[in-house]
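The block underneath contains the structure these notes are about, expressed in structure tokens.
2 protein chains.
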Amino acid sequence: MEKLKKYVSVKDEDQFYHQGAVELLIFNFLLILTILTIWLFKNHRVRFLHETGGAMLYGLVMGLIIQYVTKSSDVESGTVYECEKLKSGPSTLLINITDQVYEYQYKREISHHNVNGHQGNPMLQKMTFDPSIFFNILLPPIIFHAGYSLKKRHFFRNLGSILTYAFLGTAISCIVIGLIMYGFVKAMVHLGQLKQWEFHFTDCLFFGSLMSATDPVTVLAIFHELHVDTDLYTLLFGESVLNDAVAIVLTHSISIYSPKKNPNAFDAAAFFQSVGNFLGIFAGSFAMGSSYAVVTALISFMHLTKFTKLCEFPMLETGLFFLLSWSAFLSAEAAGLTGIVAVLFCGVTQAHYTYNNLSLDSKMRTKQLFEFMNFLAENVIFCYMGLALFTFQNHIFNPLFIFGAFVAVFVARASNIYPLSFLLNLGRKQKIPRNFQHMMMFSGLRGAIAFALAIRDTDSQPKQMMFTTALLIVFFTVWVFGGGTAPMLTWLQIRVGVDPDEDLKAKAVSQSASNLDKNTTKAESAWLFRIWYGFDHKYLKPILTHAGPPLTATLPQWCNPVARLLTSPSAYGDQLKDGDTDYIINNDELTETYESSVQVPVPSQDSTGSIQATGKEDIHEGDLGLGGYKLQLQQAAGQPQMNSLA
Amino acid sequence: MEKLKKYVSVKDEDQFYHQGAVELLIFNFLLILTILTIWLFKNHRVRFLHETGGAMLYGLVMGLIIQYVTKSSDVESGTVYECEKLKSGPSTLLINITDQVYEYQYKREISHHNVNGHQGNPMLQKMTFDPSIFFNILLPPIIFHAGYSLKKRHFFRNLGSILTYAFLGTAISCIVIGLIMYGFVKAMVHLGQLKQWEFHFTDCLFFGSLMSATDPVTVLAIFHELHVDTDLYTLLFGESVLNDAVAIVLTHSISIYSPKKNPNAFDAAAFFQSVGNFLGIFAGSFAMGSSYAVVTALISFMHLTKFTKLCEFPMLETGLFFLLSWSAFLSAEAAGLTGIVAVLFCGVTQAHYTYNNLSLDSKMRTKQLFEFMNFLAENVIFCYMGLALFTFQNHIFNPLFIFGAFVAVFVARASNIYPLSFLLNLGRKQKIPRNFQHMMMFSGLRGAIAFALAIRDTDSQPKQMMFTTALLIVFFTVWVFGGGTAPMLTWLQIRVGVDPDEDLKAKAVSQSASNLDKNTTKAESAWLFRIWYGFDHKYLKPILTHAGPPLTATLPQWCNPVARLLTSPSAYGDQLKDGDTDYIINNDELTETYESSVQVPVPSQDSTGSIQATGKEDIHEGDLGLGGYKLQLQQAAGQPQMNSLA
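Top line first, the protein sequences correspond to chains R and Y.
So for the first sequence, my numbering puts the first residue at 11; every next one is plus one.
So for the second sequence, my numbering puts the first residue at 11; every next one is plus one.
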């Protein structure tokens, strides 16, 4: 007896010591497998299965193994205990069992029908980690990276179309899915598969909004590898980045809407409240993200007389950059806004301002760090999605609902892309051709965001049904559409092997040849953005970065004392060009040089790009290292440098 | 009523959405503050408070704020509920409270006397995170970085002394602390502050072993900044790195020892079991860590005919390197070994073999990535230690115990350093001078490992007393000794501003001048290590890396077919030097060139080094970028290159 007790105590301690190690090891193992597979695929130029699809497949197999190999050891887990003494669920529960006090931590509220799902395997329960890890740790690097690596030049050229697809398109998609699903739900109620009061129209809209977040990471990776037409790439990338933000805020607004009195009736007040909520959260998150980026830019720009600049300490600079960007996300979440939107715009703003102030070392460090985090986080998420199919305990597979969802998703994508493209083509100088529209239709993959939104709430039966269905749609679209991208490109006869810079110049030349009037170029960028560009170039860039014309030249005479104080000494070399067209072109060149020296890559893929590309990168970075150092020396010696040389 | 319910549900959901964001934000904020402080200190050349001390201070203040600003909202947390139906604590508990089922997750077993500590503030509870996060996520990067950045040349020169301090010294320290504490515990029992049966001699030894883990991160940072004598630096760094591993395994072995029958009597069988356990776990962890590193080396070395090498894809290479090294830690933990020891030797082996196979891009990426993770993890740990003083709910401040512990720690350090230095000086050609011994005595700071070992188990009252005491010793040593390092160096007249390479050469020259016999140089490295070096250079390096002589030259004639298969084409350029002394010097040069081109830095500090150092680094890296690229080109063109040029 004595011996036994000792043995048990040692065993307990051991378990405590190795807590969490096994679960992390499983994820590590899956990721290692995925990386080795990517390597294999790169060698054989396999394109029918992308790394994300592979990661998901491995996750699936691992989930299957865990479910059938590990045994349900915890017989008492499924029993529900009555507790009359408590009024509500405290966050920590102390329970006295046979003279030992055990501490239990509140996890969540669950419905009665889910209880048997918990007669469970503790291993499976451990593998299904907290959705808050998803939101606070795995998603931010991916979204930030998307914002940080946005190709601004092409993005702004197509801004109108991108905004239309992202805002209007997502709204259309959400409503269409909601309506179709409502039809199917009615049918299910009719067939007796569902009770009337369980599934409201707002639930359908909720499902619609979460399924509207597209994630064409697979498609974009292949586009990048094959150098597909830049406009198509930009439209798709821009749409998917912004569309995530819109879908998340929309989901939140709809979940707040729910008029409890008669959930199926339209409540105008609640509706407008939701719309206001949507706008408020979007704007607030945007402001939060940008202001963190501006603070970072200001800190990295500071040159107080007694201080060495922060860029002399690349590690501190990188650390600050990383922490402030993450704080943008966390602050937004803590303030009740949407972190994803905040971190996206934080990324865009950081790339626009802060990046220019960073030391060369930090530029490389931040680029590689975010690339690496994006790569890992993305593969963890896809592994996890694979795992979830078997480790999640409360799946509800309803064939009718699943069929309905598949139909709804494709109909919604079609009624987003085709009508909007038609409308946009009325206004666009350079039309979106038919084959681009088909390709965009085909690229409506669902991924991490849809999954993350669905897993946030899996308490009620409708929500569980939604989660299961969303998971299946993710599997299908990633494997089938992701795998079919390369054949589809050939079939639709879309140009590949395009050099983005050459492409833009060629288009500009052909345009100016066909129309010599300067106004065409002007019309290309909308008036609102020309005003913004002017303001940005004349005032913000000089204040926040070392680039741009000196403030003394752009501000009125009487502001000179202030202007001199705020302008970086290195800005005086640059002279303000007059003429609007000239300026816009100049601005394009700026972003171009920025991009070629930074090589901010497309999410996740540049990193593992083809052999030739990597070779080229090495030379570039070597050059950058030396050339940049010389530049730094010049700066230190007080020589003003031309911005166009940087 | 309807409205209220709706409001509550929204509020609940909101809380769910932002779960964890506030806590992470607090840590982010503390880290940002710390970075800004480091920047400030760098500018004013402040050395009386190091960044780790600063991080701890901020943590302390934040803990104070959280405790006094946030309120205890959860009145039911402190109540213990009786549960007769349960036999043992299941991992998940489902409780039915007023018709709602709540899910609770098992956290830990607690003693009756701790219960009132939980009448608590949910915010404080959230801030005290799981020790498993400490062990699985925060510690591995720090320890790996220490191994990865070990200056092998100086390390092996002083290996005998380092091993003596680390193994024998830690054992002495553990026993001395144990004995002194046992005396104090007896006194406390006598004074009625403690009950006899609560605190055994093994508990005292347990405390002794956990307090024996020294962590002179602050001292080493200042040493590095001031370029203190390399031998002193190496002795201290080597001792502290290995000593952590020894202390951890020792703590584990002692916790297993506990002969339950008469805990104060000596039980020979249990003792030898513990010793065997110690050796087994140490050897097993060593083997586990090294084998993961060897696997990484083999994968990165592979050049199958149909395959492009992994180094063509820097991101995959970095990812694999990172994941396999982390897996070494996790596998060891999962197998019941010690992850810290595994990841330490994994780091050493990775630096020795895998590093040579990496592409230039990956060399830089891995170096910067591990540096960055080390920097963040270290500061998070020190912030957390500061926080723990106020957020931890079950502190037991016993003045006598604390006083005893302070005495014990200093007596133990003295009886470790002085007698062992005396013994070592009998055998060493180059004596450890008196002032070095004083400095080593002074540098016996306690830090992350002691804290981590103490926080692992805070269930019983003795363990809580130990935790509180360990925390106070960490505070005292980091602030007082860490802050006093620079004055102490001056006072002890220890050389600063030494160039490590020059230093070694000068010493070698003076030695060969005073004693022309080759045997002196031989005697310098112990025979065991010369054999190992020979084996490593002739067989392992050629098999695992591109460096070293071709196997065809080192293996016997009849092995030629196998040898040809295993040798990298680039190895043929290197010829085996004959003569043992020549070889050892050559080997030193190898490591030297490796170090100067890599600049693997001392943990955490190189990164934030002084201005001059950073400037120099930039040039080096620029050079490396171009020079390295040329080398790669040569390799690609099939030109064999001399290893000494690399």
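All residues carry an ideal CB built from backbone N, CA and C; glycine is no exception.
Buried or exposed: where does residue i fall if 16 or more other Cβ atoms within 10 Å of its Cβ makes it buried?
{"i": "residue 647/Y", "result": "Any reading at residue 647/Y is ruled out, since the residue's pLDDT is 42, under 50, leaving its predicted position unreliable."}
{"i": "residue 141/Y", "result": "buried"}
{"i": "residue 541/Y", "result": "exposed"}
{"i": "residue 441/R", "result": "exposed"}
{"i": "residue 373/Y", "result": "buried"}
{"i": "residue 65/R", "result": "buried"}
{"i": "residue 585/R", "result": "Reliability fails at residue 585/R, whose pLDDT of 40 lies under 50, so the model's placement of it is uncertain and the value that follows must be treated cautiously. Label assigned to residue 585/R: exposed."}
{"i": "residue 278/Y", "result": "exposed"}
{"i": "residue 490/R", "result": "exposed"}
{"i": "residue 423/Y", "result": "buried"}
{"i": "residue 492/Y", "result": "buried"}
{"i": "residue 8/Y", "result": "Residue 8/Y is absent from the structure shown; chain Y starts at 11 and stops at 656."}
{"i": "residue 439/R", "result": "exposed"}
{"i": "residue 664/R", "result": "There is no way to answer for residue 664/R, as the model of chain R reaches only from 11 to 656."}
{"i": "residue 528/Y", "result": "Here the model assigns residue 528/Y a pLDDT of 41, short of 50, so the residue's position is not dependable and the matter cannot be decided."}
{"i": "residue 500/Y", "result": "exposed"}
Terminal residues of the continuous alpha helix (DSSP H) containing residue i?
{"i": "residue 310/Y", "result": "278-311"}
{"i": "residue 327/Y", "result": "324-344"}
{"i": "residue 73/R", "result": "61-79"}
{"i": "residue 184/Y", "result": "180-200"}
{"i": "residue 168/Y", "result": "Counting along the chain, residue 168/Y falls outside any alpha helix (DSSP H), and DSSP gives it neither H nor E."}
{"i": "residue 492/Y", "result": "492-501"}
{"i": "residue 58/R", "result": "Looking at the DSSP string, residue 58/R is not in any alpha helix (DSSP H), and its letter there is neither H nor E."}
{"i": "residue 554/Y", "result": "551-554"}
{"i": "residue 154/R", "result": "149-158"}
Measure how close the beta-carbons of residue i and residue j come, nearest whole angstrom, since I'm counting them as under 8 Å.
{"i": "residue 411/R", "j": "residue 475/R", "result": "6 Å"}
{"i": "residue 455/R", "j": "residue 488/R", "result": "6 Å"}
{"i": "residue 175/R", "j": "residue 249/R", "result": "4 Å"}
{"i": "residue 552/R", "j": "residue 339/R", "result": "Not really, about 29 Å apart at Cβ, beyond 8 Å."}
{"i": "residue 242/R", "j": "residue 504/R", "result": "7 Å"}
{"i": "residue 204/Y", "j": "residue 229/Y", "result": "About 35 Å separates the two Cβ atoms, so there is no contact after all."}
{"i": "residue 393/Y", "j": "residue 44/Y", "result": "7 Å"}
{"i": "residue 215/R", "j": "residue 258/R", "result": "Actually they are not in contact, since the Cβ atoms of residue 215/R and residue 258/R sit about 14 Å apart, beyond 8 Å."}
I want to verify the contact list: residues of chain R whose CB lies under 8 Å from the CB of residue i, in sequence order.
{"i": "residue 385/Y", "result": "325, 329"}
{"i": "residue 45/Y", "result": "326, 329, 330, 333"}
{"i": "residue 320/Y", "result": "49"}
Applying a beta-carbon distance threshold of less than 9 Å, which residues of chain Y neighbour residue i?
{"i": "residue 382/R", "result": "325, 328, 329, 332, 375, 379"}
{"i": "residue 156/R", "result": "Ordered by position in chain Y, no residue passes the 9 Å Cβ test against residue 156/R, which lies about 17 Å from the chain."}
{"i": "residue 278/R", "result": "Ordered by position in chain Y, no residue passes the 9 Å Cβ test against residue 278/R, which lies about 17 Å from the chain."}
Against residue i, what residues of chain R qualify as contacts under a CB-to-CB distance less than 7 Å, listed in chain order?
{"i": "residue 146/Y", "result": "30, 31, 34"}
{"i": "residue 38/Y", "result": "333, 336, 337, 340"}
{"i": "residue 473/Y", "result": "In chain order: nothing, as chain R lies at least about 12 Å away."}
Using a Cβ cut-off of 8 Å, pull out every chain Y residue sitting near residue i, in sequence order please.
{"i": "residue 41/R", "result": "329, 333"}
{"i": "residue 235/R", "result": "Those within 8 Å of residue 235/R in chain Y number zero; the least Cβ separation is about 13 Å."}
{"i": "residue 344/R", "result": "28, 31, 32, 35"}
Show which residues of chain R have a CB atom less than 9 Å away from the CB atom of residue i.
{"i": "residue 52/Y", "result": "318, 322, 323, 326"}
Which runs of the alpha helix (DSSP H) at least 4 residues long sit entirely within the segment 206-255 of chain R? Give them in chain order. 211-221, 227-236
Whole alpha helix (DSSP H) runs in the segment 348-431 of chain Y with 4 or more residues, listed along the chain? 349-359, 370-401
In chain order, what are the residue ranges of uninterrupted alpha helix (DSSP H) at least 4 long that sit wholly in the segment 430-478 of chain R? 444-452, 458-465
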